[in-house]
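I have placed the structure first, in the form of structure tokens, so that the comments after it can refer back to it.
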Amino acid sequence: MEKRKLTISFTLLFLLLMNYREALAKDIIYNDLLSNQDVEKCAAKPDEESYDCSDKLIQNSDNNLQDSFRNKLKEIESANYSQWWMGSEEQRKTMSVNFANSQKAWEQYKLTYCKSAAASYENTHGYGDTLSSCFINMNRKRVAEINMFSVDSAR
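Under our numbering, the residue at position 34 of the sequence shown is numbered 409, and the numbers go up by one with no gaps.
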């Protein structure tokens, strides 16, 4: 009787772990920098339609990033620096220039980082989709970073 309980317990534990592993694996696939569900949907379409679909995804992602950047830059340039401790026009200008320079540097970083991350897919049929996924995912993360940037010194 005791042996049977132990066998049932191990069996239940095994089944639980297997289901957990499958759920975790699904989650990892779509949290991967080089995977994107929308790009995968585009890839499933016929060739020309697939390319157009992926191009639109990248364009929308780039536009969203540029809109976020421009809006934040406007926010910086119109910030009331008199609310900052010993704030000055020069301080606001420096913030604006540094923010713009950081975006240029980030764009270069994104390109080289994604090429590095996707290097093992180079010369494969999936290389373009892999790069597209990386660019879109990196853009999404950058928009979140930009949204965290605050010109308000009160916390």
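From the three backbone atoms N, C-alpha and C, an ideal C-beta is built for every residue, glycine too.
Separation of residue j from residue i, as counted between CA atoms
i      : j      : result
Lys485 : Trp459 : 32 Å
Cys489 : Leu506 : 6 Å
Ser444 : Ile451 : In the sequence as presented, Ser is not what sits at residue 444; that position holds Phe. Taking the straight line joining both Cα atoms gives about 11 Å.
Leu448 : Ala454 : 10 Å
Leu409 : Asp422 : 20 Å
Tyr502 : Ser525 : 37 Å
Met513 : Ser528 : 28 Å
Thr499 : Gln434 : 23 Å
Presumed contact (8 Å Cβ cut-off) between residue i and residue j, rounded CB distance
i      : j      : result
Asn411 : Ser508 : 4 Å
Tyr456 : Gln466 : 6 Å
Val414 : Ser429 : 6 Å
Ile511 : Leu432 : 6 Å
Trp481 : Arg515 : That pair is no contact at about 13 Å.
Residue span of the alpha helix (DSSP H) that contains residue i, given as start and end
i      : result
Asp407 : Per DSSP, Asp407 belongs to no alpha helix (DSSP H) and is neither H nor E.
Glu424 : Asp422 to Glu452
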